[in-house]
Each structure stands twice: as structure tokens, then as C-alpha cells.
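In the working numbering, the protein residues as written are 529 to 645.
Note that CB positions come from ideal geometry on N, CA and C, so glycine has one too.
All values reported here derive from a predicted model rather than from experimental measurement.
These notes concern the structure reproduced below.
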């Protein structure tokens with residue numbers, strides 16, 4: 529499984545940015561589960577940002593609730609993360625993931641998001 533994330537870059541605090549992730553598999557298959565985004569800031573552990581189930585149920589980290597929105601387009605085998613009102617503390621490498629039929633997460637290479645104040 530390959531997951532290609534894109535859309536990272538530098539954004540000013542309070543602006544907006546959209547991350548995209550394209551999977552090399554049919555994410556609507558019964559063999560697949562959640563799509564999601566995690567991040568790792570410098571010197572910190574990786575943390576969940578948002579996940580969305582095959583049925584469109586989304587969950588978010590408390591730190592991004594109300595600011596970030598996750599979505600998926602199964603026809604395009606894609607997931608997205610709309611980042612509205614990012615803060616400098618959102619600066620991190622963002623990783624896309626796709627849950628496989630074993631309940632494990634497949635990972636893509638990250639995309640760096642830098643939020644300037």
C-alpha cells in the first residue's frame with residue numbers, strides 16, 4: 529500500500545491549508561478501515577490529529593477540534609485535512625494513514641507543515 533501525502537508548506541497563523549492523501553488501494557473496500565492524519569512535532573511523540581471511518585464518522589484530537597476538518601473521497605481513494613486557523617503549535621510533519629484488514633495502520637511519508645506567527 530502506498531499513501532502519497534501532499535499540500536504541506538508554510539502558512540501564516542490564522543490562515544488555511546489543505547492536505548491531501550492518495551492511496552494506491554481501494555479505500556472503500558471491506559478490507560480497509562479508517563483513513564486519518566497523524567503528526568509529529570520536533571522533539572515530541574507522534575499524535576493523532578483526525579481519523580475518519582469508512583462510514584464517514586470523524587474524530588479529532590481536542591487540540592484541533594473546531595479548526596481542522598477531515599474528509600474522504602472514496603471514488604478518488606483520497607483523504608483530506610482542511611486546516612483552518614492553524615497555530616504555530618500545529619507545526620509538524622503530518623502523516624497520512626490507512627487502516628488495513630488486520631486493524632493495523634499503513635503509513636505514508638509525511639509532509640511538513642510550518643505555521644509562522
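Cβ-Cβ distance between residue i and residue j below 8 Å
i	j	result
residue 628	residue 560	yes
residue 579	residue 562	yes
residue 614	residue 645	no
residue 586	residue 620	no
Cβ-based neighbour list, residue i, same chain, cut-off 6 Å, excluding 5 preceding and 5 following
i	result
residue 556	602
residue 544	612
residue 526	A query on residue 526 cannot be resolved here, the shown segment of the chain reaching from 529 to 645 and no further.
residue 536	639, 640 and 641
Contact belief for residue i with residue j at Cβ below 8 Å, rounded distance in angstroms
i	j	result
residue 639	residue 533	4 Å
residue 598	residue 589	So it is not a contact: roughly 11 Å between Cβ atoms.
residue 610	residue 596	6 Å
Residues of its chain near residue i, where Cβ-Cβ distance is below 7 Å and the 5 sequence neighbours each way are ignored
i	result
residue 566	574, 575, 576, 577, 623 and 625
residue 542	613
Cβ shell of residue i (< 8 Å), same chain only, five flanking positions each side left out
i	result
residue 529	551, 552, 553, 626, 628 and 634
| said: When you compare the segment 612-624 with the segment 537-553, are there three or more beta-carbon pairs, one atom per stretch, that lie closer than 8 Å? | reply: yes
| said: At 3 residues or longer, what runs of the beta strand (DSSP E) sit wholly inside the segment 606-637? | reply: The segment 606-637 contains, as complete beta strand (DSSP E) runs of 3+ residues, the segments 606-612, 620-627 and 633-635 (chain order).
| request: Output the residue ranges of the beta strand (DSSP E) runs that lie fully inside the segment 536-588 and measure 3 residues or longer, sorted by chain position. | output: 537-540, 544-551, 563-568, 575-580 and 586-588
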